Each structure stands twice: as structure tokens, then as C-alpha cells.
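Report on one structure; see the data block that follows.
Residue numbers (our numbering), protein chains in the order written: chain F, 1 to 401; chain A, 1001 to 1454.
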């Protein structure tokens, strides 16, 4: 690998101060440090040794945790396509191939556009390129509908990176979760393209089977408020003519149903959760408390039971929509979550409770977890503020005893 | 009231190359240096010697114009050969070429029973003129104690939990009488308690276990359990306006010797340790010793870093550099100025990490001794990860918020978040584990300076 090092060293002077491409130093640096861990050493005074972890490794761990969701999403996109066109017996490879064709371009656009924005900002602002986008760039495709137009993906990424992140000073300074901002942007800017029957990729030249409906479990549950039908019965009856049992409780856990590319499977999200918790990169407190908050709120609604949605069994809330994915990958973003350990419990609980609240009371926004996390992103600093004030008060009261 | 403190947070950095339990019979270094940089709070140093002057052990060589009573004295007798200065003529080292046989200035000698009758004024005066006073550190700020102040308590940590820390059983062997005499002396400095904090996880040297005239507290836990700042937080925390003093056992022994023998004795045992040392062991020498003779022909690597002190809080020195006033350890570790192909993601069992992110497997083998080089293993970033600093700081405190308050120069917040309770060493582990590679200790000192001087 010496030739690689030599090649890098050869062009390096051009990027350093006084070189002809001085402006692009941080772009060079990003590539260099991706290939080679830098040769920086600790300063003369202070800690002479440092922990082997760095930001790149930490972010990479999150990406690794998302891989099960991505692979499953690719397969599921193809699977849903063939079910919808009435060929549930299509070959596995065909399903995967359709999924690859549909999903990979979204991933590529997300990374290419996002990194383009990052590079541009690093040149203008003269700051190193942060690894945060490696995660964001993967999260965004996973919360997109499989049939989303690529230009919308690009637009959403640009909006999210500039407005939600760079405007605040880059990774580590942002208030809102960048990936969710991208999703919310599409949600409000192109409502017709991200609601209704967009969750299954049919494709041009194909015809959906008779009786096909793209309704999601959340929209079925939302409809129950007005039509007064039992939610579980509706879910179980759904798709009887073309995909029997697609919304059965078991299948909702497995995730072979229409939805965001990577967010349908509870099992895959939980695999991700295990990776994040085992590596200590994701906070188990947040993940657990989001699930707990959801269940508690849903259980309270069960007791109230004012309408059919409220009466939906509490455990259904844990498996429908993107709750598991949101709890594991979105709520745990360390920058936008609460930063104190006690705060993390409160933050997670409130996300869970708000999710159910939004789902049940505001059927216009069926995907409650997205808005709940964004809302709690805004309130996380306030939660921390009171935890820190409590610490300050303990210190003061100690002095007067 | 003696206390038992059990700490669950922290991290023991287990490095290869611990010093063997023996003291080498080696010839003494040629030069010794007095380093004002060992202390904080010397604001206007004035030399009382110049190059070419002859000094004895205990001859004043330096004082601070802001506090002229505190004398800094030569550790050994000999000739001042160099006054070494750095940027802006900052005084770095006063180098003394040592005599073959150390000659001592003579100070008042006391018997054990005399000490009991001494007044506080006598004690303070004797400590100040003899050069033993700088052993006393004041909290908050970690500066040399102000003799005008009355501390509410005095704390002595009787063990060192830093990486490669020397064993106090060896360092202070046979000094029991001096230690007790020193305790009796410093007891006069405070109306409160003198706290002596021993570890329950290691064998406690007899001189500590049998010490009289003190509160004996027991501390159990991983590093930084041995840091006196952590112990103070759990025993009798520093509130706004409080002043406490701290000493290490070496300082107590030196004070004891001053009163019993009437001389300033800077002899000490120093450990030479680290993965790059062929024969890690202890050396009997004096404060400020040059490490040249210890490391000559005793180093296995050719690209190494010499650290005066431990690898968490120490300072890089050259192969002929000198140790500082408080140092009882010289660590030698590999210099890490090399590129590593895909070093940021390769799974490894060789790199030590407190964390467990993908591919960092050292947590599987906590008993293993690691060779850790000086590479930063990553580049500086904004604060991203949360909750990790709290895992290595056994205090009721929010270090990230405190660091941000310091960076924002928010005085009220710094105070409220507990800056009075810490000095650099207490947050050294935070600096080690930080994924964003902040210079945490430098930030802490910045904050302490802001609080003290503005």
C-alpha cells in the first residue's frame, strides 16, 4: 500500500497552504483520512495517549447497524412489487433485482448530493468534512417511499443538510435530526407524493392486481376513527384477495408489507438496536424508553377507549409504522437527543407518548414518530436544561448545609 | 469521621511495561533541574541565582514576586549551569550541575515531642523558607497554597491509580517516622481534618494504615479513584469560597524530614516504566533529575516519547530532559507519528479503547496489558457523543456542560457546574476517551485561569 501513500504525499503540497488547490484542502483531507488514519500525535502536555475510537469508526458502526434494514428493504421493495402485480411466486432473484434497481439509485443520489453539499460547505467555511453525513446519507433513503422520484430525494437532502445542519454550524451543532428533516420536508412540500398509495413500487408497464390497495396499517387505523370498525379486524381482513394476512401482527413484526424502504421491519430494526447497544454507540435508555412511552400512552388510550383507534391493542402501536426504526436510529442521534442520562429517559418516553398522541388525534399525519422526534429534538435542550439546573442546585444546597 | 467510598465509574488503563519491584543501583544523573512549570500560579518568577552560582540543597533560587515568602529552593547542591527560557522569555528550567556529594543548607531541627509544641506561625515560617511549601497545593485552581489562607481541610491521597503508577510501598519504604512527623506538622495548618485516603483494592503500606492524627478514609474503584479531587468530592466537597489544601505523601515525608533532620531533602524514588523500556524499575535519585542516564541503553524502540509523569497528565520531555517537582514516574511509550491504512475501521484487538464501537475489541480482554502509542487516533471534531465523559468521572457533575461553559467563558455557569472541584488531572480520562479529541485538560486550565485571574 506504499504506492497509495506515495501518491497522496505527492499531491498533498498542492492542497496545503500556498498550493494551487489550497481552497480544496479539506476535500483532500477527507479522502486522505478515509484511506489512512492520520499521523497526528498528542500534544506535549496533557493526555499522551488517546482512545482508539474516532468519529469515523463511531459513525461507521451506525451504518453497519443499518445494513440489515437496507438489505431487507431492498428485498421487500421487490417483494411488494410482485405481490402488487399479482405474481407472488416470482423468483427470489427477480425480487431482489427489482429492489436493487429501485433502492440503490436513491442511496446513490442521497450520498452524492449530500456529500456535494458537505464538500461545498467545507470549501466555503474552511472546516473539515464531518462524518455525520455518512449516517444521514443512509438514513434518508431508508425513510423514503420506494417509488419516490429521485429529484425529490435530491431536493430533500439539499434542504435538510443546508437548513437543518450547516445553517447551525455543521455536525454536532444541529438542533433537528437531519434525516427526519429531509423526510418532513418532502412530507410538507410534496404531500401528494408521499401519502396515499405510494408505498408500493408498481412500476411503469405493470398493472396492480384487482382489489389492490396501497393503504398502510396506519391509514387503516386512522380510518377506523370515522368508520368505527375494529382496527385489528380491518388489518387482518386487509388484502384478502391479493395478499392474505399482509397486516397480520406477525407480518407487521417481520416487515413484509408496504412502507418506507428500510423502516417496515421491527426485527431488522431490533437487530440494529442490538448492534448499537452492544457497541455502546446508541443509547439503550432512549430506545427502551421510546418503546415504553409508546406502550404506556397506547395503554392509557385503551382504557379511555373513545374510538376504535384508541381501542387498538397497545402492542400494535409498537409494530406499525416506523416506530421501531425511529426509536432505534432516529431518536438515538446523540446530537439532537437529550444529552444527560436522566434526560434521555424523559426524552424517549415523551417521544413514544407523543407518537401515539399524534397518530390517534391527527390522522392527517399518520406517521407520528417522525413528528414526535422532531418535536422532541426541539425540546431536548430544555429537558437537559432542567436536569443541569438540578445538578447546580444540589451543588448550591450542599454549600448551605 | 472516616469514610468508605466505593466508586463504580472510571477506567483503569492497563499498560505494558510496569516497573518491577526493585530499585536499581545506578549512578546519579549529572544535572538536575528546577522546573517552575511544575506549578500553576507562579505569576512573576524572580531568580535569586544566576548562571555560575553555587548552591546547596535548600538554597533559595526563585520566588514569585506576587508572594515573596514562598521560596523555591535547589534540590541538590552544585553549580547553576543554565537558566533555560522559552517563548516570551518564560522561565522553564534552572539547571544545576550536581556535586558528587550533596551538601545541605541547615534548618531548625526538632524532636518528635518538640513538634507538638510548635505554633502554626512557626510551622508556616519554617515551611516557607525551606522550600517545602510548594508541596502544598490549593484547591480550587490547583495552585501553590497561599500561606495567608486557612484551609477547611487537608487531603492526602495515599495511592496512585494512573497508568503505570509506581507502587507507594516501594517509593516510601522506611520513611514511616518522617511521614508521621510530617502529618503532625501539617495538622497544625488547618483547624479542620487532615484526610488520608487509602485504597481498599491494593495492599496499604503500614505507614498509612498506622498513621495517627488523621482521618483515614478508604476508597475503592478504578482510576480516577486515586485522584485527590475525586476523593474530596466524596468526603468533603469544595463549595464556593472554600479552600482546601492537598499534598502527596512525598511532600508529607519531605516536611517530616525537614523538621526531624533540619534539612531540605529532595531525594526520591522514581519509577521508569512503559512498553519501550527494556528494564522497567525504580531509581533512587532527587527531584528534577535528568533522565539521561536512566534511559541510556535501556530503550527498545527507536521512535519513542519520554513522558515526565504518567501518560494521562504528564509532559513530553527529551531523552536528556528533567522530571518535574511532583513527578515520581517516567513513562516511555512509542511515538505514533505514522499513517495507518484504513486505521479508522480495521477491527483490532491491539488498540486499547474504553469504548466498544465496531472493531474495537479490547473490552473482551480487560486484563491484557496494552502497548499504546501517542497517535491521536482521529481528528478533532465538535462534541457529538454524549454520556461517555460521565462514565469515567465519578463525580456528580456534567463535564460536557462545564467544558462548554468554559469555552463560552460563562463565569456563572462554570461556577455553578463545579469548576472549583476539579483540576486538569480529574478530567484527564475524559480527554482520553473523547471521540471528538478535545484537549480537555487544556480547556479546564483555561477555565481555572479565567476564574482565578479575571
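Glycine residues also receive a C-beta, built at the ideal position from the N, C-alpha and C atoms. Values in this document were obtained by computation on a predicted structure and should not be read as measured data.
Which stretch, first to last residue, makes up the beta strand (DSSP E) that contains residue i?
i, result
"residue 1064 of chain A", "1060-1064"
"residue 1218 of chain A", "1215-1220"
"residue 1031 of chain A", "1031-1034"
"residue 1315 of chain A", "1315-1317"
"residue 1195 of chain A", "1194-1199"
"residue 1364 of chain A", "Note, residue 1364 of chain A: premise wrong, no beta strand (DSSP E); not H, not E."
"residue 1156 of chain A", "1153-1157"
"residue 1269 of chain A", "1267-1273"
"residue 1138 of chain A", "1137-1139"
"residue 1004 of chain A", "1004-1006"
"residue 1046 of chain A", "1045-1047"
"residue 1093 of chain A", "1091-1098"
For the alpha helix (DSSP H) that residue i lies in, which residues bound it at each end?
i, result
"residue 1068 of chain A", "From DSSP, residue 1068 of chain A is part of no alpha helix (DSSP H) but of the beta strand (DSSP E) over 1067-1073."
"residue 352 of chain F", "341-361"
"residue 1399 of chain A", "1399-1407"
"residue 1283 of chain A", "Here residue 1283 of chain A belongs to no alpha helix (DSSP H); instead the beta strand (DSSP E) covers 1281-1286."
"residue 1450 of chain A", "1440-1453"
"residue 97 of chain F", "92-125"
"residue 274 of chain F", "266-279"
"residue 12 of chain F", "2-15"
"residue 199 of chain F", "Note, residue 199 of chain F: premise wrong, no alpha helix (DSSP H); not H, not E."
"residue 254 of chain F", "249-254"
"residue 1078 of chain A", "Run containing residue 1078 of chain A: none in the alpha helix (DSSP H); it sits in the beta strand (DSSP E), 1078-1085."
"residue 457 of chain F", "This structure cannot settle anything about residue 457 of chain F, because the visible part of chain F is limited to 1 through 401."
Answer yes or no: do residue i and residue j have a C-beta to C-beta separation smaller than 8 Å?
i, j, result
"residue 176 of chain F", "residue 374 of chain F", "yes"
"residue 1278 of chain A", "residue 1299 of chain A", "yes"
"residue 1116 of chain A", "residue 1184 of chain A", "yes"
"residue 1420 of chain A", "residue 1240 of chain A", "yes"
"residue 1071 of chain A", "residue 1060 of chain A", "yes"
"residue 347 of chain F", "residue 370 of chain F", "no"
"residue 1334 of chain A", "residue 1295 of chain A", "no"
"residue 1171 of chain A", "residue 1328 of chain A", "yes"
"residue 290 of chain F", "residue 263 of chain F", "no"
"residue 1196 of chain A", "residue 1216 of chain A", "yes"
"residue 1026 of chain A", "residue 1293 of chain A", "yes"
"residue 61 of chain F", "residue 216 of chain F", "no"
"residue 1157 of chain A", "residue 1231 of chain A", "yes"
"residue 1105 of chain A", "residue 1264 of chain A", "yes"
"residue 1344 of chain A", "residue 57 of chain F", "yes"
"residue 149 of chain F", "residue 102 of chain F", "no"
Going by Cα to Cα distance, which pick from the options is closest to residue i?
i, options, result
"residue 1037 of chain A", "A:1326, A:1078 and A:1156", "A:1326"
"residue 1287 of chain A", "A:1041, A:1073, A:1016 and A:1062", "A:1073"
"residue 1427 of chain A", "A:1313, A:1101, A:1166 and A:1383", "A:1313"
"residue 1440 of chain A", "F:42, F:95 and F:25", "F:42"
"residue 87 of chain F", "F:283, F:349, F:224 and F:209", "F:209"
"residue 226 of chain F", "F:118, F:361, F:93 and F:194", "F:361"
"residue 353 of chain F", "F:382, F:391, F:336 and F:288", "F:288"
"residue 5 of chain F", "A:1423, A:1161, A:1342 and A:1380", "A:1342"
For residue i, is the classification buried or exposed, using 16 other Cβ atoms within 10 angstroms of its Cβ as the cut-off for buried?
i, result
"residue 7 of chain F", "exposed"
"residue 21 of chain F", "exposed"
"residue 301 of chain F", "buried"
"residue 310 of chain F", "buried"
"residue 233 of chain F", "exposed"
"residue 325 of chain F", "buried"
"residue 1137 of chain A", "buried"
"residue 1363 of chain A", "exposed"
"residue 1042 of chain A", "buried"
"residue 1248 of chain A", "buried"
"residue 235 of chain F", "buried"
"residue 70 of chain F", "buried"
"residue 382 of chain F", "exposed"
"residue 1407 of chain A", "exposed"
Mind checking the stretch 1289-1314 of chain A against chain F and listing, in chain order, the residues whose C-beta falls within less than 8 Å of any C-beta there? 1305, 1307, 1311, 1312, 1313 and 1314
Pull out every residue of the stretch 253-284 of chain F whose Cβ sits closer than 9 Å to any Cβ of chain A, in chain order. 275, 278, 279, 280, 281 and 283
Within 7 Å of chain A by C-beta, residues of the stretch 227-250 of chain F in sequence order: none
When you check each C-beta in the stretch 1360-1392 of chain A against every C-beta of chain F, which residues fall closer than 7 Å? 1360, 1372, 1374, 1375, 1376, 1377, 1378, 1379, 1381, 1382, 1383, 1384, 1385, 1386, 1387 and 1390
Contacting positions in the stretch 330-343 of chain F - beta carbon closer than 9 Å to chain A: 334, 335, 337, 338, 339, 340 and 341
Residues within the stretch 45-57 of chain F neighbouring chain A, beta-carbon criterion of under 9 Å: 45, 46, 47, 48, 49, 50, 51, 52, 53, 54, 55, 56 and 57
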